[in-house]
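*Asks:* Sharing a structure with you now.
2 protein chains.
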Amino acid sequence: MAKRGVKLDYAYCLEEVIGAQGLSAQDISGLAPQVARAHQRLGEQHQGGELGFMDLPGQSSELLDAILEQAARLSSIADDLVVLGIGGSALGATAVDMALKGALRYAQPAGPEGMRLFVADNSDPRFFGAMLDRVDLERTAFAVISKSGSTAETMSQFLVVKELLERRLGKKEALRRLVFITDPEKGNLRLIAKDEPVAIFGVPPNVGGRYSVLSPVGLLPLACAGHDVQALLEGAAAMAEACKSPELTKNPAYLLAALNVGFYRRGRNILVMMPYATDLFGLAQWFAQLWAESLGKAQALDGSTVNVGQTPVAAMGATDQHSQLQLYMEGPQDKLIMFLTLGNYGRDLSIPDLYPRIDALSYLGGRSLAELVQAEARATTAALASQGRPSYSLRLPGISPEVLGEVIYLLELATVMAGGLLKINPLDQPGVELSKKLSYGLMGRKGFEQEAKQMEALDAGDNYLV
Amino acid sequence: MAKRGVKLDYAYCLEEVIGAQGLSAQDISGLAPQVARAHQRLGEQHQGGELGFMDLPGQSSELLDAILEQAARLSSIADDLVVLGIGGSALGATAVDMALKGALRYAQPAGPEGMRLFVADNSDPRFFGAMLDRVDLERTAFAVISKSGSTAETMSQFLVVKELLERRLGKKEALRRLVFITDPEKGNLRLIAKDEPVAIFGVPPNVGGRYSVLSPVGLLPLACAGHDVQALLEGAAAMAEACKSPELTKNPAYLLAALNVGFYRRGRNILVMMPYATDLFGLAQWFAQLWAESLGKAQALDGSTVNVGQTPVAAMGATDQHSQLQLYMEGPQDKLIMFLTLGNYGRDLSIPDLYPRIDALSYLGGRSLAELVQAEARATTAALASQGRPSYSLRLPGISPEVLGEVIYLLELATVMAGGLLKINPLDQPGVELSKKLSYGLMGRKGFEQEAKQMEALDAGDNYLV
Chain A
1 MAKRGVKLDY
11 AYCLEEVIGA
21 QGLSAQDISG
31 LAPQVARAHQ
41 RLGEQHQGGE
51 LGFMDLPGQS
61 SELLDAILEQ
71 AARLSSIADD
81 LVVLGIGGSA
91 LGATAVDMAL
101 KGALRYAQPA
111 GPEGMRLFVA
121 DNSDPRFFGA
131 MLDRVDLERT
141 AFAVISKSGS
151 TAETMSQFLV
161 VKELLERRLG
171 KKEALRRLVF
181 ITDPEKGNLR
191 LIAKDEPVAI
201 FGVPPNVGGR
211 YSVLSPVGLL
221 PLACAGHDVQ
231 ALLEGAAAMA
241 EACKSPELTK
251 NPAYLLAALN
261 VGFYRRGRNI
271 LVMMPYATDL
281 FGLAQWFAQL
291 WAESLGKAQA
301 LDGSTVNVGQ
311 TPVAAMGATD
321 QHSQLQLYME
331 GPQDKLIMFL
341 TLGNYGRDLS
351 IPDLYPRIDA
361 LSYLGGRSLA
371 ELVQAEARAT
381 TAALASQGRP
391 SYSLRLPGIS
401 PEVLGEVIYL
411 LELATVMAGG
421 LLKINPLDQP
431 GVELSKKLSY
441 GLMGRKGFEQ
451 EAKQMEALDA
461 GDNYLV
Chain B
1001 MAKRGVKLDY
1011 AYCLEEVIGA
1021 QGLSAQDISG
1031 LAPQVARAHQ
1041 RLGEQHQGGE
1051 LGFMDLPGQS
1061 SELLDAILEQ
1071 AARLSSIADD
1081 LVVLGIGGSA
1091 LGATAVDMAL
1101 KGALRYAQPA
1111 GPEGMRLFVA
1121 DNSDPRFFGA
1131 MLDRVDLERT
1141 AFAVISKSGS
1151 TAETMSQFLV
1161 VKELLERRLG
1171 KKEALRRLVF
1181 ITDPEKGNLR
1191 LIAKDEPVAI
1201 FGVPPNVGGR
1211 YSVLSPVGLL
1221 PLACAGHDVQ
1231 ALLEGAAAMA
1241 EACKSPELTK
1251 NPAYLLAALN
1261 VGFYRRGRNI
1271 LVMMPYATDL
1281 FGLAQWFAQL
1291 WAESLGKAQA
1301 LDGSTVNVGQ
1311 TPVAAMGATD
1321 QHSQLQLYME
1331 GPQDKLIMFL
1341 TLGNYGRDLS
1351 IPDLYPRIDA
1361 LSYLGGRSLA
1371 ELVQAEARAT
1381 TAALASQGRP
1391 SYSLRLPGIS
1401 PEVLGEVIYL
1411 LELATVMAGG
1421 LLKINPLDQP
1431 GVELSKKLSY
1441 GLMGRKGFEQ
1451 EAKQMEALDA
1461 GDNYLV
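Protein chains in written order, with our numbering: chain A, 1 to 466; chain B, 1001 to 1466.
This is the structure we're talking about:
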């Protein structure tokens, strides 16, 4: 069992450190029994077969072998993998790939370290068309990821790609370049795979899209991209182990959830995630989906109308010190900030002392870029604290598959705990149906004639155009 | 004079369309006199030499010629341009370059259409180191952008790069690959350029960083990248012309400001910008700085403590329908959404009817990806409206330099108008100083010994680590 490396530092959440805006010892101990109750319910749900994401760190080695084998097959025929998926089918793989290969990963061709991973997470033809331009169809594989097999964006892209591949390479070669990741039994992709031999992986039914990065949804693309998915799972397992305690201040996931909910109840309806590393921006976007879609709910479990939800914001340090920090320092007391800091950046650059006579430059000489960005992170969190602006930091020892596995599991568990504290269901997303149906109506899908009419009635036309 | 193409559709802000959460006719007419007064003050400020961004669309053709000449020189010796700049020195060029060359612009080498533009907007050595790995130093130019010439991140990167270039190519060739964009008279970059011959451009002193994209700060990098900067300015000029009226409902910038402030006063402390195009995500990040740093203020003009500011969130359609939409539909009534829709995506892909017997796919056959994404935008805005969730849309005819110039000017003017309505100064950023000074203290800069001590006192150590 790997040792947990990620730590939660919550000093700047506390009244005794930042003053009246912080939580008191009583506030924290007041949250403890709520957490303990929610912990029990989560345990019951898990035993009842829900919360499948908790089982992912311990997935069977057969499945992992099958994933690695498939990745090896795809790597042998293709340099690039295009993921056709959106939302939970896209964000996790992007987060891990960006973290490990860097924000500029597209600026070099695929190398021996694994396939280049493109993620077609929008139906926008300008973007998707450019993506198809960038790859060599003959040397590209496509992972179609949709649990239902009816996601409009993903399935449209699949239809476009399938025709392109067949025209260029013939049916047999086209099918070799496809892999489906979908429901283990039903849905349109299963239906298609009955007639046409396509490699296929199942997603456990009790693992929702936004909790699926450690299932084949994330693991297959990441294995193709050459990442150590075993290490990713080991990191998740280490964090799962560290998060077994029902005791609030001994369980980083529960504490993180309690801080967020505690501050939300005090009017902080915005939760900023600000990693001090450009390569972690994808992780912040992955978390934004997890937090928003899980907790933004109209109804509580008892059926009452609550309209809760804290709005996640993906920011980036040090960059956003020159963009959002002014607002965070002086604006309304409506935010809580989660910093992600790095103990080790994995590389560094020394700053030479080229202009010893210029004061504003000479202090930098002899230091390094890592020292500078780490000093900035410390200074920014402290500056906010000095103004009574609460924050906490996830201290990451560095960026590695293990660390990412830890962070992913930590945040997933924290999210369902927050759902427990808010007494809502963190696993569904009923609010997105109406927009889908209206869109079906507009696209003329059979059975959605009513929605087409509703759409007409809602359309405001050009009456208020300036 | 180019004709304005961008229109503001505000139907879904109105009580008569979306119900009680909307603004009534009285609400709007109540805002009109405030806008008229602020309009007058803005006019006085402009006449008094402030608000320099308003003069940028009409900049001298000599300056533009000098920029184009410099871009031609750099293009002749380099394939890639790296911008060393952060915040306002980075976001504008990124926004326009990403919009025109696409989110995947790094996935292909520089071509005849212009240099590849890298923007080093973080001091993170992992990111910046990777950037330096990706370029061929001999064929790379560097634009150092800092008004003061003392921005720690930018100047550190400059020192690193200058040494690298000198070692590899010698001093003379190193200097040829540099260009400074800074204060027209003072600052460290001017000082350096006195001794060492480096091409240099000035930024008008009355143009702050976040309003500077149409000055040499944005224009030089964009000209290097092969974009039509003249057309960008013409678009801005067309929008400036359309925004001359003091009448609220005839002036898109003023109306946009009034809607944002009107809803902010009703408790909507979050402003989402959601373009329905991946390539416009950089524009949303540029706007996030403009809005946050301009309006997030502790003090009003009269010295009273107000702590105002609406938090901008950069989202993306259709992608975030599978991420944030659940929260937008069902969460608290604390948001206003600005959609950016496209009349024309510039390219399209037809969806073939490969599986006529599968209902969930066959309706897509014969349609196109542009039709799908446009239907989704309409459906999502309508679905939100049906739940009394206000939004408005900027309707862009397409993505072009002219359109981007229009949008940039529109949003800059709307931001200063919003500052007028909120009675704060939208041009300063006093709140970021403390973090900078604490960071200087940590880095041992002379004269910041006091801050080093303050930093020690603020540091909470490892006392609250889980």
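All C-beta atoms, glycine included, are put in the ideal place defined by N, C-alpha and C.
Small disclaimer: the values here were computed from a predicted structure and weren't measured.
Determine, for Tyr1409/B, whether the minimum Cβ-Cβ distance to residues of chain A falls below 9 Å.
*Replies:* With 9 Å as the cut-off, Tyr1409/B does not count as an interface residue toward chain A.
*Asks:* In the segment 126 to 140 of chain A, which residues sit with their C-beta less than 9 Å from some C-beta in chain B, listed in chain order?
*Replies:* Per Cβ criterion, the list reads Arg126, Phe127, Phe128, Gly129, Ala130, Met131, Leu132, Asp133, Arg134, Val135.
*Asks:* Taking only three categories from DSSP, how would you classify Gln326/A?
*Replies:* Three-state DSSP puts Gln326/A in a helix.
*Asks:* Where do the N-terminal and C-terminal ends of the alpha helix (DSSP H) with Val261/A fall, by residue?
*Replies:* Looking at the DSSP string, the run of the alpha helix (DSSP H) that includes Val261/A is 252 to 265.
*Asks:* Please state whether the Cβ-Cβ distance between Asn122/A and Gly1317/B is less than 9 Å.
*Replies:* Cβ atoms of Asn122/A and Gly1317/B: closer than 9 Å.
*Asks:* So Asp1009/B is in the beta strand (DSSP E); what residue range does that whole segment cover?
*Replies:* Unbroken beta strand (DSSP E) run through Asp1009/B: 1007 to 1009.
*Asks:* Give the straight-line distance between the Cα atoms of Phe287/A and Ala242/A, rounded to the nearest whole angstrom.
*Replies:* Going from the Cα of Phe287/A to the Cα of Ala242/A covers about 20 Å.
*Asks:* For Asn1251/B, collect the residues of the same chain with a Cβ closer than 6 Å to its Cβ; drop the 5 residues on either side in sequence, then sort them by chain order.
*Replies:* Only Cys1243, Ser1245 meet the Cβ criterion.
*Asks:* To test your reading of the DSSP string, which unbroken beta strand (DSSP E) runs of 3 or more residues are found completely within the segment 10 to 35 of chain A?
*Replies:* Those beta strand (DSSP E) runs which fall completely within the segment 10 to 35 of chain A and span 3+ residues do not exist here.
*Asks:* Kindly list the residues whose CB is nearer than 8 Å to the CB of Val203/A, restricted to its own chain and excluding five residues on each side of it in sequence; keep chain order.
*Replies:* Excluding positions up to five away in sequence, the list reads Lys147, Ile181, Thr182, Asp183, Pro184, Ser212, Ser215, Pro216, Val217.
*Asks:* Say the cut is 8 Å; is the CB of Glu1050/B nearer than that to a heavy atom of the ligand GTP?
*Replies:* Although the ligand GTP was asked about, the structure shown includes no ligands whatsoever.
*Asks:* Listing by chain order, which chain A residues have their CB less than 9 Å from the CB of Thr1415/B?
*Replies:* What Thr1415/B touches in chain A: nothing, since even the nearest Cβ is about 13 Å away.
*Asks:* Terminal residues of the continuous beta strand (DSSP E) containing Tyr440/A?
*Replies:* Run containing Tyr440/A: none in the beta strand (DSSP E); it sits in the alpha helix (DSSP H), 433 to 443.
*Asks:* According to DSSP, is Ile1067/B helix, strand or coil?
*Replies:* Of the three classes helix, strand and coil, the one that applies to Ile1067/B here is helix, per DSSP.
*Asks:* Give me the chain A residues within the contact set of Ala1193/B, using Cβ-Cβ distance strictly less than 7 Å, ordered along the chain.
*Replies:* The contacting residues do not exist; Ala1193/B stays about 12 Å from chain A at best.
*Asks:* At 8 Å on the CB atoms, spell out the chain B contacts of Asn307/A, in chain order.
*Replies:* What Asn307/A touches in chain B: Glu1330, Gly1331, Pro1332, Gln1333.
*Asks:* Can you round the beta-carbon distance between Val179/A and Leu220/A to whole angstroms, since I take them to be within the 8 Å contact cut?
*Replies:* Their Cβ separation, rounded to whole angstroms, is 7 Å, which keeps Val179/A and Leu220/A in contact under 8 Å.
*Asks:* Asp1009/B touches chain A at which residues, Cβ-Cβ below 7 Å?
*Replies:* Per Cβ cutoff of 7 Å: Tyr464, Leu465.
*Asks:* Going by beta carbon distance, what residues of the same chain come within less than 6 Å of Gly1000/B, once the five residues before and after it are set aside?
*Replies:* Lying outside 1001 to 1466, the shown extent of chain B, residue 1000/B is not represented and no answer is given.
*Asks:* Between Gln40/A and chain B, is any beta-carbon pair separated by less than 9 Å?
*Replies:* Closer than 9 Å: no.
*Asks:* Identify whether Val1542/B lies in helix, strand or coil by the three-state DSSP scheme.
*Replies:* Missing from the structure shown is residue 1542/B; chain B here goes from 1001 to 1466 and no further.
*Asks:* Any chance you could list the beta strand (DSSP E) runs of at least 3 consecutive residues sitting entirely within the segment 1144 to 1202 of chain B, in chain order?
*Replies:* Listed in chain order, the complete beta strand (DSSP E) runs (minimum 3 residues) inside the segment 1144 to 1202 of chain B are 1178 to 1182, 1199 to 1202.
*Asks:* From the DSSP output, read off the bridge partner residues of Asp1080/B.
*Replies:* Answer is Arg1116/B, Thr1140/B, bridged to Asp1080/B.
*Asks:* Need the endpoints of the beta strand (DSSP E) that Ala103/A sits in, please.
*Replies:* From DSSP, Ala103/A is part of no beta strand (DSSP E); its letter is neither H nor E.
*Asks:* By how many angstroms is the C-alpha of Ala1078/B removed from the C-alpha of Thr1140/B?
*Replies:* So the two alpha carbons sit approximately 5 Å from each other.
*Asks:* Among residues of its own chain, excluding the 5 on either side of Gly309/A, which ones have a beta-carbon nearer than 6 Å to its beta-carbon?
*Replies:* Hits under 6 Å: Leu295, Gly296.
*Asks:* How many angstroms separate the CA atom of Phe158/A from the CA atom of Leu84/A?
*Replies:* Approximately 7 Å, taken between the alpha carbons.
*Asks:* Please identify the residue among Asp348/A, Asn206/A, Asp320/A whose C-alpha is closest to the C-alpha of Ala1285/B.
*Replies:* The amino acid occupying residue 1285/B in the given sequence is Gln; Ala does not appear at that position. Of the candidates Asp348/A, Asn206/A, Asp320/A, the one whose C-alpha sits nearest the C-alpha of Gln1285/B is Asp320/A.
*Asks:* Across the segment 251 to 268 of chain A and the segment 332 to 339 of chain A, are there enough close Cβ pairs to call them in contact, namely three or more that are closer than 8 Å?
*Replies:* Touching, yes, given that three or more Cβ pairs across the two stretches are closer than 8 Å.
*Asks:* What did DSSP end up calling Met274/A once you bin it into helix, strand or coil?
*Replies:* In this structure, Met274/A counts as strand in the three-state DSSP scheme.
*Asks:* Is there a Cβ from chain A that is less than 9 Å from the Cβ of Gly1087/B?
*Replies:* It does: the Cβ of Gly1087/B has a partner Cβ on chain A nearer than 9 Å.
*Asks:* Which of the three DSSP states is assigned to Gly1420/B in this structure?
*Replies:* Gly1420/B: helix per DSSP, three-state reduction.
*Asks:* Which of the three DSSP states is assigned to Phe1281/B in this structure?
*Replies:* Three-state DSSP puts Phe1281/B in a helix.
*Asks:* Inspect the beta-carbon positions of Met338/A and Tyr392/A and report whether they are closer than 9 Å.
*Replies:* The answer is yes: Cβ separation under 9 Å.
*Asks:* Could you tell me whether the Cβ of Ile351/A comes closer than 9 Å to any Cβ of chain B?
*Replies:* Interface residue, yes.
*Asks:* When the Cα of Leu1341/B is compared with those of Ser1089/B, Ala1036/B, Ala1277/B, which residue comes out closest?
*Replies:* Here residue 1341/B is Thr; the residue named in the question, Leu, does not match the sequence. Looking at the Cα atoms, Ala1277/B is the closest of the given residues.
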